[in-house]
Amino acid sequence: MISLAERFPVKFCNSRGIDHELLSPNDHKGLSRIQYADATDIDHLLKLLPAGQQKMNSLRAFERARILRQVSSLIKEEAEAWALLISTEGGKPLKDARIEVDRSQVTLDLCAEEALRISGENLPMERTTAAINRVAFTYREAIGPVLAISAFNHPLNNIAHQLGCAIASGCAVVVKPAPATPLSAFKLEDFFLKAGLPDGCLFILNADIPEIEKIASASAISYVSFIGSAKVGWNLRKIIAPGTRLSLEHGGQAPAIIREDADLEQAVQALIRGAFYHAGQVCISTQRIFVHHSLFKNFLASFHKETLKLKIGDARSETTDVGPLIRSGEVTRISSWITEAIQQGARLVTGNEVSGSASQYLSPTILAHVPLTSKVMKDEIFGPVVCINPYEDEKELVNYLGQSEYVFEGCIFTRDISSAMKMARDLSLMTIVINDHNAYRVDWMPFGGHKLSGLGMGGVKYSVEEMTRLKQVIIKY
């Protein structure tokens, strides 16, 4: 284990010697002991940030782009090792971890491109006599130090987005990885230093909530990027310093609508992926499927059949489709929600079976005819559970979905694109995918939710814009 003092030129005190044991969700075996910062460390870090920002200010756009491209190349060289690390610490199936590694390279290359695109505009003058003999233009500059608080489910690509966009924008950055998946962050930090990022421009910080709140509320932080639970995110909004910008990426309930003219096989295959990818631990995982009543019986039977084909097991296995949940406590919580729904009248079609040495494996679960008042229909499950209900009146369904406090992604399956486009306009969702699952995303798209689902917008181009600010120059001649 490399200590904070070894990573930074000025020693971190950490007199209490706080550390935490990191366990793999696959088998609950120890991976490392991770040192956590205390309040004294945070004070020290905040004193280091201005010097780090000064170093970032001296890096030109082409230099930042070169660093980002170099890190992308370094990841490519060690792609398989990266995938295994993601599977080991985060429990993501190996075949999906490989996809994440590929995506992270694209993300960093996109960040490099955006570093070179940051610009302002010439403003037209002489529209009135007050503007005669004046030239005006704008440009964008780094907003200042960024605090990036990340999530476990994409331990490389989430941080590639948050860290990559900060570097592209010219911001010093403090990354707080998820407690369960810090090793990917450490490895990525090493790659950035190897690529030539000046020392003191990037800090990886492991800490508990009080320490994180201390840094988030500091006036030295200009921007907070948060990926995680709504409870924590909205609390951050309350405590950040005046003038600090904030982006929040929470979760949703990801509804899927199967219209009566849908291609049933296409819908089943796509939604199996949407519902059970990474054991449902994705903010846009398919949670609720509404099937036209004329197709309901056939859809449910086919979806059930395909679900039973999924292999549950150690994420490091080549054949695993569904790995463990990140913590055994999540299994307990999700199972209690399933039990509650059944007690309220839902039918358990399959699943809700717990296994594994640490009881961290929950089999893919299908609930049918689920009461709309149950937790699994009202709140974000964040697990391998999907609710399938029939519907008859499309307008009533759209009105029902519009009542949700979560506004993120959804999908529609239909052969009638005209009707799909009308429904897309009527649905109060940020993103609607037509004829694919609602967890579809590529990294140059805007990404984020509204209402309880978040604040601000992700996606490389959009995040870089958020992490820069406009400056105007007016010249009289």
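For our numbering, count along the sequence shown from 1 and bump the result up by 522.
Ideal placement from N, C-alpha and C gives every residue a C-beta, glycine not left out.
Spatial neighbours of residue 720 within its chain, please: C-beta separation below 6 Å, excluding the five flanking residues on both sides.
577.
Leaving out the 5 sequence neighbours to the left and right, which residues in its chain are closer than 7 Å to residue 996 when beta-carbon positions are compared?
Excluding positions up to five away in sequence, the list reads 656, 658.
Going by other Cβ atoms of all chains shown within 10 Å of its Cβ, with 16 needed for buried, is residue 711 buried or exposed?
Its Cβ being crowded by 16 or more others within 10 Å, residue 711 is buried.
What first and last residue would you give for the alpha helix (DSSP H) that runs through residue 924?
Looking at the DSSP string, the run of the alpha helix (DSSP H) that includes residue 924 is 916-924.
How long is the line joining the alpha carbons of residue 937 and residue 724, rounded to whole angstroms?
Residue 937 and residue 724: Cα-Cα distance of roughly 49 Å.
What are the start and end residues of the alpha helix (DSSP H) that includes residue 968?
Element bounds for residue 968: n/a, residue is neither H nor E.
Need the endpoints of the beta strand (DSSP E) that residue 541 sits in, please.
Residue 541 -> beta strand (DSSP E) spans 541-545.
Assuming the contact rule is C-beta atoms closer than 8 Å, residue 689 and residue 707 should be a hit. Round their C-beta distance to whole Å, please.
Not really, about 14 Å apart at Cβ, beyond 8 Å.
Return yes when the Cβ of residue 740 is within less than 8 Å of the Cβ of residue 698, no when it is not.
No. Outside cutoff.
Considering only residues of the same chain and omitting the five flanking positions on each side of residue 1010, which have a CB-CB separation below 6 Å?
Residue coverage of the chain in this structure runs from 523 to 999, which leaves residue 1010 outside it and unanswerable.
Can you check which of these residues, 693, 584, 543, is closest to residue 704 by C-alpha distance?
Closest option to residue 704, Cα to Cα, is 543.
May I have a chain-ordered list of the alpha helix (DSSP H) segments no shorter than 4 residues that lie completely inside the segment 819-876?
Runs of the alpha helix (DSSP H) inside the segment 819-876: 850-865.
In the structure shown, what three-state DSSP assignment does residue 909 receive?
Residue state, collapsed to three classes: strand.
Taking all protein chains shown into account, do 16 or more other C-beta atoms lie within 10 angstroms of the C-beta of residue 464, making it buried, or fewer, making it exposed?
There is no way to answer for residue 464, as the model of the chain reaches only from 523 to 999.
Using a Cβ distance threshold of 8 Å, determine whether the segment 908-920 contacts the segment 939-954, with at least three qualifying pairs required.
These segments touch.
Leaving out five residues before and five after residue 623 in sequence, what residues of the same chain have Cβ atoms less than 6 Å from its Cβ?
Excluding positions up to five away in sequence, the list reads 601, 604, 605.
Indicate whether residue 640 and residue 662 have their beta-carbon atoms separated by less than 8 Å.
Against a cut-off of 8 Å, the Cβ pair of residue 662 and residue 640 comes out as a contact.
Nearest CA to the CA of residue 823: which residue from 803, 791, 854?
Comparing Cα positions, the closest option is 791.
Name, in chain order, the residues that DSSP records as bridge partners for residue 663.
Paired residue(s): 991.
Along the chain, where does the alpha helix (DSSP H) containing residue 599 start, and where does it finish?
Segment 583-599, the alpha helix (DSSP H) holding residue 599.
To the nearest angstrom, report how far apart residue 770 and residue 573 are at their CA atoms.
Going from the Cα of residue 770 to the Cα of residue 573 covers about 27 Å.
Give the C-beta separation of residue 733 and residue 868 to the nearest angstrom, bearing in mind that I take them to be a contact with Cβ-Cβ under 8 Å.
About 41 Å; that fails the 8 Å criterion.
Applying the 10 Å Cβ sphere with the 16-neighbour rule, what's the burial state of residue 846?
Answer is buried; the Cβ neighbour count reaches 16.
What separation, rounded to the nearest whole angstrom, lies between the Cα atoms of residue 548 and residue 817?
The straight-line gap from Cα to Cα measures roughly 38 Å.
With a threshold of 6 Å on Cβ separation, who are the neighbours of residue 637 within its own chain once the five nearest residues in sequence on each side are excluded?
Around residue 637: 583, 586, 587, 690.
Would you mind sorting residue 736 into buried or exposed? The rule is 16 or more other CB atoms within 10 Å of its CB.
Result: buried.
Return the Cβ separation of residue 945 and residue 934 in integer angstroms, given the expectation that the two are a contact with Cβ distance under 8 Å.
Confirmed, about 6 Å.
Using the rule of at least 16 other Cβ atoms within 10 Å of the residue's Cβ for burial, across every protein chain shown, is residue 563 buried or exposed?
Per the 10 Å Cβ criterion, buried.
Buried or exposed, going by whether 16 or more other CB atoms sit within 10 Å of the CB of residue 760?
It is exposed - the Cβ of residue 760 has fewer than 16 other Cβ atoms within 10 Å.
For residue 763, count the other beta carbons within 10 Å of its own beta carbon; 16 or more makes it buried, fewer makes it exposed. Which is it?
Burial call: exposed.
Quick one: residues in its chain with C-beta nearer than 7 Å to the C-beta of residue 856, no 5 flanking neighbours on either side, listed in chain order?
884, 903, 905, 907.
Considering only their Cβ atoms, is the gap separating residue 811 from residue 780 smaller than 8 Å?
Taking 8 Å as the Cβ cut-off, residue 780 and residue 811 qualify as a contacting pair.
Could you have a look at residue 798 and say whether DSSP puts it in helix, strand or coil?
Helix at residue 798.
Do you know offhand how far residue 536's Cα is from residue 700's?
Since pLDDT at residue 536 reaches only 42, below the 50 mark, its modelled position is unreliable, and no value is offered.
With a CB to CB cut of under 6 Å and the five nearest residues on each side skipped, what residues in its chain are close to residue 692?
Closer than 6 Å at Cβ, skipping near neighbours: 578, 664.
Could you pull out every residue in the same chain whose Cβ sits closer than 7 Å to the Cβ of residue 783, ignoring the five residues on either side in sequence?
If we look at residue 783 and ignore the five residues flanking it on each side, its Cβ neighbours are 936, 937, 938.
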